[in-house]
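Enquirer:
Protein chains: 2
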Amino acid sequence: MKDALDFYVPTFEDMLAAHERIAPYIHRTPVLTSSYLNELTGAQLFFKCENFQKAGAFKVRGAGNAVFGLSEDDAAKGVCTHSSGNHALSLSYAAGRRGIPCNVVMPRTAPQAKKDAVRGYGGTITECEPSTTSREKVFAEVQAKTGGNFVHPYNDPRVIAGQGTCSRELMEQTDGLDIVVAPIGGGGMISGTCLTLSNIAPETQIIAAEPEQADDAYRSFKAGHIIADDAPDTIADGLKVPLKELTWHFVSNHVTDILTASEDEIVDAMKLTWKRMKIVMEASCAVPLATIIKNKERFAGKRVGVVITGGNVDLDLLPWLNS
Amino acid sequence: MKDALDFYVPTFEDMLAAHERIAPYIHRTPVLTSSYLNELTGAQLFFKCENFQKAGAFKVRGAGNAVFGLSEDDAAKGVCTHSSGNHALSLSYAAGRRGIPCNVVMPRTAPQAKKDAVRGYGGTITECEPSTTSREKVFAEVQAKTGGNFVHPYNDPRVIAGQGTCSRELMEQTDGLDIVVAPIGGGGMISGTCLTLSNIAPETQIIAAEPEQADDAYRSFKAGHIIADDAPDTIADGLKVPLKELTWHFVSNHVTDILTASEDEIVDAMKLTWKRMKIVMEASCAVPLATIIKNKERFAGKRVGVVITGGNVDLDLLPWLNS
């Protein structure tokens, strides 16, 4: 018998409620296929294109669920978070759609394009130094001053319930899959995938794909407890953050396996996808395909869903042009 | 009363037959929208994404119609064409699917990636010098030797009937449009659009978009007869070819207007589309959006279809990184 958990684990009903809540504000993104990539891998691949999602990433599902689920009183105080990436954009977009304040703490070194996008959606940025100490100090000040509701990028049941809506659509759009592969960073997308598939398709394998150079989830999975890296460095910059207790709960209970890919394999898979599928997507999204190409025998003959998580790329800094 | 024409003009029934014939070999490509671009232009834009088409461009519709419409006897001798671009890829793809030979005359200076793609689909390349004289001489030799059926890139009723299937899908997918904007080079896509819309949506305006630096169609349209440029130079390299009698027939009878855009405007619209819509597309496909942004008042409040014609881009040579 398991110990009682000291955190709330979102349920299948939470995911269903999230889907209904966010449907007016998100795209039901298309699923694309490529005969070239099917031939290359020997699998039947179905790419769920969240790079076409509102604000450019799946993150708007979870952020939207948190924002639109707030009571009127709570909503009036707005929301706040710390993020240098897609969660900051998504929370700003969702808050803007509800017409409530959104305060984001971002490192001053975050890309200008990301800062511009947050402001474009109506978010307010408070800059911190690029260190955990500074981020936590500045974020505490911002939260105390605004009283805004904290929406963590992934370690939040509302966020995980929202991310779970993606694999629900993917299963409906494909009439079932043998395996779903998604990238893993903090584990929000993978946890949402676990939440949904363990309920509607318990026989579908869930494989997390991670950069070798930020393989804390892989090592946690093998060790049986969370291992957090100090300062991982990878081109897949959305995947540098560590698991937390809530996402670890899902990963340790439902993930079939974690596979890793090198930086070169990730960049090759990224360029190949742009070239053959004609889509703009982030390096993080290429990690699943990189691991499938690397482990063909495992996927051959299978129906495999692949989550393309986002498309917010700096078009002036493409990794295959900077080596 | 008009003079009798000395060429066959494809009919609406030809387009319907083409659609049935090619359906098993092409994608019904998705129509994407962007609230950002809608806000920017004041119009409601519907992008028909033929960059996701088989062989990476709409050209496979016309090439496929020609290939799959051949009698068994004719098919046995194969097909041939001259093209340095997407028509070469598309004809090779279609011929490969039917299992018949495809001979393509390409200038030796054509991009290696395009040559590799033609060979990848099973086409045979004969190289010529990059001049009209050499191309015609070499092509005559190839045709005489192989006896293959000549499928012109655009001045062919089978090809135009095939291209017309694109706007049929677009109208079905959008429940009607006020205007359709497509790029114009030789005029195959625009002619197919005219063929279809003049039958199913005669009130829908058809606007052709052309680079200022290759504006022969614009000048032909104003003059009332075909004007062919000698050697136009533009980043939109799919649009350098001149109109021919069959495409001029459609342009002069059905096109509402031709609008032009500068090289800088084309590159800006291309990068903007990649950034906001997360799709990889050729410079040629950006000419419609460039002309819409430039002539906002004309499109404001209208439902506008935009044909994204292809996505075969050299990812190592992006125009905004080479200025």
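Protein chains in written order, with UniProt numbering: chain A, 1 to 323; chain B, 1 to 323. Note that CB positions come from ideal geometry on N, CA and C, so glycine has one too.
#1: For the putative contact between Pro107/B and Cys80/B, defined by C-beta atoms under 8 Å, what is the C-beta separation to the nearest angstrom?
#2: With DSSP collapsed to three states, give me the class of Pro157/B.
#3: Out of curiosity, what's the CA-to-CA distance linking Ala231/A and His152/A?
#4: Quickly, what does DSSP pair Phe150/A with across the bridge? List them, please.
#5: Under the rule that 16 or more other beta-carbon atoms within 10 Å means buried, what is Trp320/A, buried or exposed?
#6: What residues from chain B crowd round Met281/A, counting only those whose CB sits closer than 8 Å?
#7: For Lys222/B, which residues in chain A fall below 9 Å Cβ to Cβ?
#8: Are the C-beta of Met1/A and some C-beta of chain B separated by less than 9 Å?
#9: In whole angstroms, give me the CA-to-CA distance for Ile227/B and Gly188/B.
#10: Going by beta-carbon coordinates alone, are Thr291/B and Thr260/B separated by less than 9 Å?
#11: Answer with buried or exposed for Phe7/A, where buried requires no fewer than 16 other C-beta atoms within 10 angstroms of its C-beta.
#12: I need the boundaries of the alpha helix (DSSP H) containing Lys302/A, first residue and last residue.
#13: Looking only at its own chain, which residues have a Cβ that is under 7 Å from the Cβ of Met1/A, when we skip the five neighbours before and after it?
#14: Please determine if the region 215-226 of chain A and the region 194-202 of chain A are in contact, where contact requires at least 3 C-beta pairs separated by less than 8 Å.
#15: For the beta strand (DSSP E) that contains Asp257/B, what are its first and last residues?
#16: Just checking: is the beta-carbon of Trp248/A within a distance shorter than 9 Å of some beta-carbon in chain B?
#17: Between Phe58/B and chain A, is there a C-beta pair that is closer than 9 Å?
#18: Looking at the unbroken alpha helix (DSSP H) that takes in Thr193/A, where does it start and where does it end?
#19: Name the chain B residues whose beta carbon is nearer than 7 Å to that of Gly311/A?
#20: Determine whether the Cβ of Lys114/B lies closer than 9 Å to any Cβ atom of chain A.
#21: What number of angstroms, rounded off, separates the C-alpha of Ile207/B from the C-alpha of Cys194/A?
#22: Rounding to the nearest angstrom, what Cα-Cα distance links Lys115/A and Gly162/A in this structure?
#23: Going by DSSP in three states, Ser118/A sits in which element: helix, strand or coil?
#24: Checking the sheet assignment: what are the DSSP bridge partners for Gln44/A?
#25: Using 8 Å as the Cβ pair cut-off and three pairs as the minimum, do the region 208-220 of chain B and the region 268-279 of chain B touch?
#26: Looking at the secondary structure, which residues open and close the beta strand (DSSP E) in which Met106/B lies?
#27: Identify every residue that forms a DSSP beta bridge with Ile125/B.
#28: Is Gly56/B near the ligand MN, going by C-beta to nearest heavy atom under 8 Å?
#29: In three-state DSSP terms, what is Val280/B?
#30: Out of Phe47/A, Gly305/A, Tyr121/A, Leu243/A, point me to the one whose CA is closest to Asp156/A's CA.
#31: What residues from chain B crowd round Leu40/A, counting only those whose CB sits closer than 7 Å?
#32: Are the region 168-176 of chain B and the region 69-84 of chain B touching, with three or more C-beta to C-beta distances below 8 Å?
#33: Measuring CA to CA, which of Pro30/A, Leu37/A, Pro101/A is closest to His50/A?
Expert: Let me lay it out:
#1: Stepping through the second sequence from its first residue, residue 107/B is reached at position 107. Stepping through the second sequence from its first residue, residue 80/B is reached at position 80. Contact flag wrong, Cβ pair sits at about 16 Å.
#2: Taking the first residue of the second sequence as 1, we reach residue 157/B at position 157. Three-state DSSP puts Pro157/B in a helix.
#3: The residue labelled residue 231/A in the question sits at position 231 within the first sequence. The residue labelled residue 152/A in the question sits at position 152 within the first sequence. Distance between the alpha carbons of Ala231/A and His152/A is about 20 Å.
#4: Here residue 150/A corresponds to residue number 150 of the first sequence, with the count starting at 1. In the DSSP output, where bridge partners are listed per residue, Phe150/A has Cys80/A.
#5: Working through the first sequence from its first residue, we reach residue 320/A at position 320. Burial call: exposed.
#6: Here residue 281/A refers to the residue found at position 281 of the first sequence. Here the neighbours are Lys278.
#7: Stepping through the second sequence from its first residue, residue 222/B is reached at position 222. The contacting residues do not exist; Lys222/B stays about 35 Å from chain A at best.
#8: Taking the first residue of the first sequence as 1, we reach residue 1/A at position 1. Its pLDDT being 43, under 50, Met1/A is placed unreliably by the model, and the measurement read from it follows with that caveat. Not closer than 9 Å to any Cβ of chain B, the Cβ of Met1/A fails to qualify, so no.
#9: Taking the second sequence and counting its residues from 1, one reaches residue 227/B at position 227. Taking the second sequence and counting its residues from 1, one reaches residue 188/B at position 188. Rounded to the nearest angstrom, the gap between the Cα atoms of Ile227/B and Gly188/B is 17 Å.
#10: Here residue 291/B refers to the residue found at position 291 of the second sequence. Here residue 260/B refers to the residue found at position 260 of the second sequence. In this structure, Thr291/B lies near Thr260/B, with their beta-carbon atoms less than 9 Å apart.
#11: As a position in the first sequence, residue 7/A is number 7, starting the count at 1. Label assigned to Phe7/A: exposed.
#12: Residue mapping note: residue 302/A aligns to position 302 of the first sequence, counting from 1. Careful: Lys302/A lies outside any alpha helix (DSSP H) and carries neither H nor E.
#13: For the purposes of this step, residue 1/A is identified with residue 1 of the first sequence, where counting begins at 1. Low per-residue confidence applies at Met1/A: pLDDT is 43, beneath 50, and the placement is therefore not dependable, though the value from the model is reported in the following sentence. Only residues of its own chain outside the window of five on either side were considered, and among them none has a CB closer than 7 Å to the CB of Met1/A.
#14: Flag = no, the region 215-226 of chain A and the region 194-202 of chain A do not touch.
#15: Walking along the second sequence from the start, residue 257/B turns up at place 257. According to the DSSP assignment, Asp257/B belongs to the beta strand (DSSP E) that extends over 257-261.
#16: By 1-based counting over the first sequence, the position of residue 248/A is 248. Trp248/A does not count as touching chain B.
#17: Residue numbering aside, residue 58/B sits at position 58 when the second sequence is read from its first letter. Interface residue (Cβ-Cβ distance to chain A less than 9 Å): Phe58/B is not classified as such.
#18: If you number the first sequence from 1, residue 193/A lands on position 193. Counting along the chain, the unbroken alpha helix (DSSP H) around Thr193/A starts and ends at 188-200.
#19: For this step, residue 311/A is matched to residue 311 along the first sequence. Chain B residues near Gly311/A: Lys278.
#20: As a position in the second sequence, residue 114/B is number 114, starting the count at 1. It does not; no Cβ of chain A falls within 9 Å.
#21: In the second sequence, counting from the first residue as 1, residue 207/B sits at position 207. In the first sequence, counting from the first residue as 1, residue 194/A sits at position 194. Each residue's Cα considered, the two are about 49 Å apart.
#22: In the first sequence, the residue the question calls residue 115/A occupies position 115. In the first sequence, the residue the question calls residue 162/A occupies position 162. One C-alpha to the other measures close to 24 Å.
#23: Counted from its first residue, the first sequence places residue 118/A at position 118. The residue you asked about is not Ser; residue 118/A is Val in the sequence shown. Val118/A falls in the helix class under three-state DSSP.
#24: Mapped onto the first sequence, residue 44/A falls at position 44. Per DSSP, Arg303/A.
#25: The answer is no - the region 268-279 of chain B does not touch the region 208-220 of chain B, with fewer than three Cβ pairs under 8 Å.
#26: For the purposes of this step, residue 106/B is identified with residue 106 of the second sequence, where counting begins at 1. Start and end: 102-107.
#27: Numbered from its first residue, the second sequence carries residue 125/B at position 125. Ile125/B pairs with Val104/B.
#28: Absence of the ligand MN is noted for the structure shown, with no ligands found whatsoever.
#29: The residue you call residue 280/B lines up with position 280 of the second sequence. In this structure, Val280/B counts as coil in the three-state DSSP scheme.
#30: The residue given as residue 156/A occupies position 156 in the first sequence. Nearest option by C-alpha distance: Leu243/A.
#31: By 1-based counting over the first sequence, the position of residue 40/A is 40. For Leu40/A, no chain B residue has a C-beta closer than 7 Å to its own C-beta; the minimum C-beta separation is roughly 12 Å.
#32: Taking 8 Å as the limit for Cβ pairs, the verdict is that the region 69-84 of chain B does not touch the region 168-176 of chain B.
#33: Position 50 of the first sequence holds residue 50/A. Per the sequence shown, residue 50/A should be read as Glu rather than His. Measuring from the Cα of Glu50/A, the nearest candidate turns out to be Pro30/A.
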